[in-house]
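Since the structure comes first, as structure tokens, the remarks are kept for the end.
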Amino acid sequence: MDRQHASASGFLVGGADVEARVRRGELVVEEVSPAGGAELPGALLHHWRGTAFAPGATAKDFERVMRDFAGYPRVFAPQVMRASVTGGQGDRVQAVMRVRQKHVITVVMDVTYNVVFGNSGAGQGWSSSRSTRVAEIEGTGTAKERMLRPDEEHGFLWRMNTYWSFEERDGGLWMQVESVTLSRGIPVGLGWAVRPFVESVPRDSLEFTLRATSAAVRR
Numbered sequence: 000m001d002r003q004h005a006s007a008s009g010f011l012v013g014g015a016d017v018e019a020r021v022r023r024g025e026l027v028v029e030e031v032s033p034a035g036g037a038e039l040p041g042a043l044l045h046h047w048r049g050t051a052f053a054p055g056a057t058a059k060d061f062e063r064v065m066r067d068f069a070g071y072p073r074v075f076a077p078q079v080m081r082a083s084v085t086g087g088q089g090d091r092v093q094a095v096m097r098v099r100q101k102h103v104i105t106v107v108m109d110v111t112y113n114v115v116f117g118n119s120g121a122g123q124g125w126s127s128s129r130s131t132r133v134a135e136i137e138g139t140g141t142a143k144e145r146m147l148r149p150d151e152e153h154g155f156l157w158r159m160n161t162y163w164s165f166e167e168r169d170g171g172l173w174m175q176v177e178s179v180t181l182s183r184g185i186p187v188g189l190g191w192a193v194r195p196f197v198e199s200v201p202r203d204s205l206e207f208t209l210r211a212t213s214a215a216v217r218r
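Quick note: the sequence shown uses numbering that gives the first Met the number 0, first residue 0, plus one each step.
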């Protein structure tokens with residue numbers, strides 16, 4: 000992505016076909032990893048990319064939305080339940096978010112991210128959110144709420160990284176987000192519940208995030 004952002008004509012990837020579809024008003028979401036995720040020893044890796052265009056929006060609008068972590072529960076509800084900055088300053092911060100993912104079953108997790116923002120000063124910029132800790136929460140909102148120990152977790156999501164690129168041109172803002180998630184292997188006997196979750200959530204979550212961000216920067 001550093002090489003991508005250093006290219007004057009290739010700041011976003013996808014080619015003429017993707018750009019033409021986005022210009023027609025389509026939100027383009029495509030899987031970069033093999034269908035169903037890349038299999039690794041004891042894990043599955045999911046890599047998705049989404050591209051959208053927000054007419055009238057600017058790079059400053061995007062940065063204002065993405066840097067306002069306290070506003071995430073409003074912008075990204077119901078997926079983000081709460082968010083706050085816990086360290087760092089300026090373009091490098093540490094943030095903690097409570098996220099909720101639902102597909103057949105509902106899973107709530109507290110995720111710690113290292114977040115980095117970058118801006119070329121010419122209407123182009125990027126950000127990365129790399130997870131450093133993902134903890135599954137049980138009994139959310141009840142007196143029995145607790146953080147599961149690592150040996151108790153189901154491994155629905157092991158790591159959640161998000162990479163944004165944005166470019167102001169054509170009377171609006173082009174946005175591209177890449178999601179890379181890692182889930183543990185599917186436990187024997189739980190495939191009926193776990194497989195739909197780990198295979199559907201990466202795409203659904205990316206598409207939801209891109210639509211919500213597009214709406215927020217347009218506002």
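No residue lacks a Cβ here, since even glycine has one placed at the ideal position from N, Cα and C. The model shown is predicted, which means the values in this text are computed figures rather than measured ones.
Nearest-angstrom Cβ-Cβ length linking residue i and residue j, presumed shorter than 8 Å
| i | j | result |
| --- | --- | --- |
| Val64 | Thr180 | Their Cβ separation, rounded to whole angstroms, is 22 Å, which puts Val64 and Thr180 out of contact at 8 Å. |
| Val31 | Trp47 | 6 Å |
Same chain, Cβ closer than 6 Å to residue i, neighbours up to 5 away in sequence not counted
| i | result |
| --- | --- |
| Ala215 | Val64 and Val74 |
| Asp60 | Val216 |
| Ala37 | Leu44 |
| Met174 | Ala51 and Phe165 |
Opposing strand residues paired with residue i [DSSP bridges]
| i | result |
| --- | --- |
| Val179 | His46 and Asn160 |
| Val28 | Gly49 |
| Ser126 | Phe116 and Trp163 |
| Gly171 | Pro54 and Arg168 |
| Leu39 | Ala42 |
| Val17 | Looking at the DSSP assignment, Val17 forms no beta bridge with any residue, so it has no partner. |
| Val133 | Val110 |
| Met146 | Ile136 |
Cβ-Cβ distance between residue i and residue j below 7 Å
| i | j | result |
| --- | --- | --- |
| Tyr71 | Ala82 | yes |
| Leu172 | Ala53 | yes |
| Val114 | Ala94 | yes |
| Gly49 | Val176 | yes |
| Ser164 | Leu11 | yes |
| Ser130 | Tyr112 | yes |
| Val110 | Phe155 | no |
| Gly120 | Glu167 | no |
| Thr161 | Ser128 | yes |
Cβ-based neighbour list, residue i, same chain, cut-off 7 Å, excluding 5 preceding and 5 following
| i | result |
| --- | --- |
| Val79 | Tyr71, Pro72, Met96 and Val98 |
| Glu152 | Glu135 |
| Trp157 | Ala42, Val133, Leu181, Ser182 and Arg183 |
| Val200 | Gln100 and His102 |
Chain-order list of residues whose beta-carbon lies under 8 Å from that of residue i (same chain, five-residue window excluded)
| i | result |
| --- | --- |
| Lys143 | Glu137 |
| Gly9 | Gln3 |
Could you give the uninterrupted runs of the alpha helix (DSSP H) lying entirely in the stretch 65-117, keeping only those of 4 residues or more? 71-74
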